[in-house]
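Below is one structure; the comments refer to it alone.
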Amino acid sequence: MSGTTTSDKSQATFPASSIKSLQNGKTLKSSSAQIIDSMAKMTGLSIETAARVMDEFWDYVSNHSNNWRKDTHCLQISKFGTFTLKPRSKTSIKKQKLGKMKFFKSQFIYRDKEGKWTKSERTKARINFSLSPSVKLESLPSYPPPFDSPSTQWIENWTGKGHSRLSSKRRISVSIHERTEIPLKEVHVLLNCLFLATLSAIKSQEKVNFAKRGTFIKKNRVNFKATPSFERKFGLIQ
Numbered sequence: 079m080s081g082t083t084t085s086d087k088s089q090a091t092f093p094a095s096s097i098k099s100l101q102n103g104k105t106l107k108s109s110s111a112q113i114i115d116s117m118a119k120m121t122g123l124s125i126e127t128a129a130r131v132m133d134e135f136w137d138y139v140s141n142h143s144n145n146w147r148k149d150t151h152c153l154q155i156s157k158f159g160t161f162t163l164k165p166r167s168k169t170s171i172k173k174q175k176l177g178k179m180k181f182f183k184s185q186f187i188y189r190d191k192e193g194k195w196t197k198s199e200r201t202k203a204r205i206n207f208s209l210s211p212s213v214k215l216e217s218l219p220s221y222p223p224p225f226d227s228p229s230t231q232w233i234e235n236w237t238g239k240g241h242s243r244l245s246s247k248r249r250i251s252v253s254i255h256e257r258t259e260i261p262l263k264e265v266h267v268l269l270n271c272l273f274l275a276t277l278s279a280i281k282s283q284e285k286v287n288f289a290k291r292g293t294f295i296k297k298n299r300v301n302f303k304a305t306p307s308f309e310r311k312f313g314l315i316q
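Start counting at 1 in the sequence shown, then tack on 78, and there's your number in the numbering used here.
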């Protein structure tokens with residue numbers, strides 16, 4: 079595959095200077111740069127295109143109101159993991175509430191002992207992450223992993239309609255394609271490469287940082303600690 083030059087419809091987070099360094103064959107220490115470099119090498123696409131797909135993926139994740147499920151407030155990506163919104167702390171109202179807390183307009187609400195829905199002024203949301211049950215980190219190859227290109231047969235039949243019937247990965251691919259005009263096949267392949275490289279890096283490095291977005295951390299389980307600037311996009315903090 080050949081690289082595609084994209085137009086700037088949104089502001090990139092991965093800096094142009096880092097893209098140039100990677101293009102010149104330099105090795106950078108940041109997790110983002112290493113994964114972008116792996117994405118380009120594994121797919122034969124350009125560093126610039128790989129960086130754009132990574133940026134657009136995180137922009138998709140940050141668009142909670144349009145791209146997350148509205149009933150469960152989660153974004154589930156098969157064979158990767160699920161982003162969810164959880165209360166940052168709920169101990170202060172544990173004795174006051176009945177049942178589970180719900181997230182509503184950047185705040186958690188709960189049903190009190192009288193049956194009324196009440197806003198929790200103290201409890202703010204945080205972004206949580208859990209691996210897909212099908213992902214077994216111990217069985218993944220070490221970083222950088224080998225990459226088998228995914229099937230793109232569905233793209234041949236894609237008419238541009240029926241977004242809701244697509245899987246989450248395919249919806250993300252279509253969204254990035256529509257925003258950037260990068261060919262859909264290239265986006266889909268790069269996106270799958272991004273997920274595989276990230277999981278492999280989590281296994282090997284235990285901490286994988288994406289600048290201005292957050293860090294995947296592997297302890298007893300894998301979690302995601304968002305940066306304050308990323309949480310602001312959700313309206314989670316002021």
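Ideal placement from N, C-alpha and C gives every residue a C-beta, glycine not left out.
Classify residue i: buried if its beta carbon has 16 or more other beta carbons within 10 angstroms, exposed otherwise.
i: Gln89; result: Confidence at Gln89 is low in this model, with a pLDDT of 49, below 50, so the placement of that residue should be treated as unreliable; the coordinate-derived value is given next. Gln89 comes out exposed.
i: Asp149; result: exposed
i: Pro306; result: exposed
i: Ser85; result: Residue confidence for Ser85 is low, a pLDDT of 39 falling below 50, so the modelled location carries little weight and cannot support an answer.
i: Leu209; result: buried
i: Ser80; result: Because Ser80 carries a pLDDT of 43, less than 50, the predicted location of this residue cannot be relied on, and the following value inherits that uncertainty. It is exposed - the Cβ of Ser80 has fewer than 16 other Cβ atoms within 10 Å.
i: Lys214; result: exposed
i: Lys87; result: Model confidence at Lys87 stands at a pLDDT of 45, short of 50, so the residue's coordinates are unreliable; what they give is reported in the following sentence. It counts as exposed.
i: Ala94; result: exposed
i: Lys98; result: exposed
i: Arg310; result: exposed
i: Thr146; result: Sequence inspection shows Trp at residue 146; the Thr mentioned does not correspond to that position. Buried, since its Cβ has 16 or more Cβ neighbours within 10 Å.
i: Glu134; result: buried
i: Gly193; result: exposed
i: Phe302; result: buried
i: Leu106; result: exposed
i: Gly292; result: buried
i: Ser253; result: buried
i: Gln112; result: buried
i: His142; result: buried
i: Trp22; result: Any answer about residue 22 is impossible in this case: the structure gives the chain only from 79 up to 316.
i: Ser336; result: In the structure as shown, the chain starts at 79 and stops at 316, and residue 336 therefore has no counterpart that could be examined.
i: Thr83; result: Caution is warranted here: a pLDDT of 40 is assigned to Thr83, below 50, making its placement in the model unreliable, and no coordinate value can be reported.
With a cut-off of 8 Å on the beta carbons, I'd call residue i and residue j a contact; round off their distance for me.
i: Tyr221; j: Ala279; result: 5 Å
i: Cys271; j: Thr91; result: That belief does not hold up - the Cβ atoms of Cys271 and Thr91 are roughly 19 Å apart, past 8 Å.
i: Lys164; j: Asn206; result: 4 Å
i: Ser156; j: Ser246; result: 6 Å
i: Val267; j: Pro223; result: So it is not a contact: roughly 14 Å between Cβ atoms.
Based on Cα-Cα distance, which residue from the options lies nearest to residue i?
i: Asn144; options: Ile250, Leu268, Glu216; result: Ile250
i: Ile125; options: Arg147, Gly292, Lys104; result: Lys104
i: Gly238; options: Ser227, His255, Glu284; result: His255
i: Leu218; options: Glu264, Lys194, Ala275, Thr196; result: Ala275
i: Glu216; options: Glu284, Ala118, Ser116, Ser96; result: Glu284
i: Ser212; options: Cys152, Gly159, Met132; result: Gly159
i: Ile114; options: Ala129, Thr196, Phe308; result: Ala129
i: Val131; options: Lys290, Asn287, Val300, Pro261; result: Pro261
i: Lys290; options: Val139, Leu123, Lys119; result: Val139
i: Arg204; options: Arg248, Thr230, His151; result: His151
i: Phe273; options: Gln154, Leu100, Ser242, Leu244; result: Gln154
i: Asp137; options: Arg257, Asn102, Ile233, Leu123; result: Arg257
i: Leu123; options: Asn235, Leu269, Asp190, Ile233; result: Leu269
Go to residue i, then tell me how far its alpha helix (DSSP H) extends in each direction, as first and last residue.
i: Val265; result: 262-283
i: Pro93; result: Taken as a continuous stretch (DSSP letters only), Pro93 belongs to no alpha helix (DSSP H), as it is neither H nor E.
i: Lys311; result: 306-312
Assuming residue i is part of the beta strand (DSSP E), what are its boundary residues?
i: Arg204; result: 203-209
i: Phe161; result: 159-165
i: Lys296; result: 292-296
i: Lys197; result: 195-197
i: Leu153; result: 152-155
Runs of 4 residues minimum, wholly inside the segment 115-149: which ones carry the alpha helix (DSSP H) assignment?
125-140, 142-145
Contained alpha helix (DSSP H) runs [length at least 4] in the segment 207-247, N- to C-terminal order:
231-234
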